Amino acid sequence: QVADTKKDEL
Amino acid sequence: MNVFRFLGDLSHLVAIVILLLKIWKTRSCSGISGRSQILFAIVFTTRYLDLFSNFISVYNTSMKIVYITCSYATVYLIYGKFKATYDFNHDTFRIEFLLVPSAILAFLVNHDFSPLEILWTFSIYLESVAILPQLFLVSKTGEAETITSHYLFALGSYRLLYLLNWLWRYFSQGFYDLIALLSGILQTVLYCDFFYLYISKVLKGKKLSLPA
Chain A
40 QVADTKKDEL
Chain B
1410 MNVFRFLGDL SHLVAIVILL LKIWKTRSCS GISGRSQILF AIVFTTRYLD LFSNFISVYN
1470 TSMKIVYITC SYATVYLIYG KFKATYDFNH DTFRIEFLLV PSAILAFLVN HDFSPLEILW
1530 TFSIYLESVA ILPQLFLVSK TGEAETITSH YLFALGSYRL LYLLNWLWRY FSQGFYDLIA
1590 LLSGILQTVL YCDFFYLYIS KVLKGKKLSL PA
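Listed in order, the protein sequences are those of chains A and B.
Each residue of the first sequence is one higher than the last, beginning at 40 in the working numbering.
Each residue of the second sequence is one higher than the last, beginning at 1410 in the working numbering.
Have a look at this one:
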């Protein structure tokens, strides 16, 4: 699972 | 959300508020790089474009709004209300040297070639180097007010705490994002020299001044 940071982090 | 992530957000918030209060209370923005603050305003604007299209949580949305609002308020105080105290002569770092490479890199290295994704990636790259005009200003004048040092320390700690958060997420969820991770490492490394000075001087009650 990659590239999800933008969804829940600031 | 783990404790590192929360402390990281908190540290980021503290940094932003310290800076706003410092400028407001002293009625002066001397020693503060307006150019770095413009870059941070661009960072928040391009990263949080999903504010209205992608709801995560009340926490997430409110923090985004607070960060954006505060960054624009800071830019306004520096270039508007307290313009007379702004150090034009020393704040001379050419920000196009940061903006252009970040933009090019965002087009070349991203997770998905779509407008929102490219802007998000651009904001990540730009944030990693956005503090350079401020560090340049400090090195040019050779000193920083203690409150400015606290601001820089809180701002630098934020990405360091995010690195710990990503380490935690990698081991607990198998989650990682190379773009954010590598940029976060670069961002934190840029503060290392300052961290050293902060711990060896400011925490011992001395003003941060650079060796001549």
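Glycine included, each C-beta is placed from N, C-alpha and C at the ideal position.
Note that the structure is predicted; figures quoted are calculated from it, not measured.
So with CB distances below 8 Å, who are the chain A contacts of I1465/B? For this step, residue 1465/B is matched to residue 56 along the second sequence. Those within 8 Å of I1465/B in chain A are K46 and D47.
List, in order along the chain, the chain A residues whose C-beta lies closer than 8 Å to that of L1411/B?
-> Position 2 of the second sequence, counted from the start, is the residue given in the question as residue 1411/B. In the sequence on display, residue 1411/B carries Asn and not Leu. By Cβ distance, chain A contributes nothing, its closest Cβ being about 11 Å from N1411/B, past 8 Å.
Does the Cβ of R1456/B have 16 or more other Cβ atoms within 10 Å, making it buried, or fewer, making it exposed? Indexing the second sequence from 1 puts residue 1456/B at position 47. So R1456/B counts as buried.
Leaving out five residues before and five after R1436/B in sequence, what residues of the same chain have Cβ atoms less than 8 Å from its Cβ?
Within the second sequence, residue 1436/B is the residue found at index 27, counting from 1. Closer than 8 Å at the Cβ level, and outside the excluded window around R1436/B, lie F1491 and T1494.
(request) Look up E1552/B in the DSSP assignment and give the residues it is bridged to. (result) Mapped onto the second sequence, residue 1552/B falls at position 143. E1552/B is bridged to S1618/B.
In three-state terms, what does DSSP make of Y1607/B?
Counting from 1 along the second sequence, the entry for residue 1607/B is found at position 198. DSSP places Y1607/B within a helical segment (H, G or I) once states are collapsed to three.
| Near S1548/B, which residues of its chain fall below 7 Å by C-beta distance, leaving aside the five closest residues on each side in sequence? | Walking along the second sequence from the start, residue 1548/B turns up at place 139. Same-chain partners within the cutoff: L1619.
(message) Suppose you measure from the CA of D47/A to the CA of I1465/B; what does that come to, to the nearest Å?
(response) Residue 47/A sits at position 8 when you count from the first residue of the first sequence. Residue 1465/B sits at position 56 when you count from the first residue of the second sequence. In this structure, the straight-line span from the alpha carbon of D47/A to that of I1465/B is close to 6 Å.
Using a Cβ-Cβ distance under 8 Å, would N1498/B count as near chain A? Here residue 1498/B refers to the residue found at position 89 when the second sequence is read from its first residue. It does not: the Cβ of N1498/B has no partner Cβ on chain A nearer than 8 Å.
task = Determine the chain A residues that contact K1549/B at a beta-carbon separation under 8 Å, and present them in chain order.
result = In the second sequence, the residue the question calls residue 1549/B occupies position 140. Residues of chain A passing the Cβ test: none, with the nearest at roughly 31 Å.
Is it true that the CB of V1412/B sits closer than 8 Å to the CB of A1563/B? Locating residue 1563/B in the second sequence gives position 154, where the first residue counts as 1. Locating residue 1412/B in the second sequence gives position 3, where the first residue counts as 1. Contact flag unset, no.
Notebook entry, point to check: How is Y1560/B classed by DSSP in three states: helix, strand or coil?
Noted result: Position 151 of the second sequence holds residue 1560/B. Helix, per DSSP.
Short CB-CB distance (under 8 Å) between D1602/B and chain D
The structure shown contains no chain D; the protein chains it does contain are A and B.
Does F1601/B pass the burial test, meaning 16 or more other C-beta atoms within 10 Å, or should it be called exposed?
Stepping through the second sequence from its first residue, residue 1601/B is reached at position 192. Per the sequence presented here, residue 1601/B reads as Cys, with Phe not at that position. It is exposed - the Cβ of C1601/B has fewer than 16 other Cβ atoms within 10 Å.
**Request:** Count the other CB atoms, across all protein chains shown, that sit within 10 Å of the CB of R1568/B; report buried if there are 16 or more and exposed otherwise.
**Result:** Counted from its first residue, the second sequence places residue 1568/B at position 159. Result: buried.
Using 8 Å as the limit for Cβ to Cβ distance, is K1473/B near chain A?
Along the second sequence, read from residue 1 onward, the residue named residue 1473/B stands at position 64. True, the Cβ-Cβ gap to chain A drops below 8 Å.
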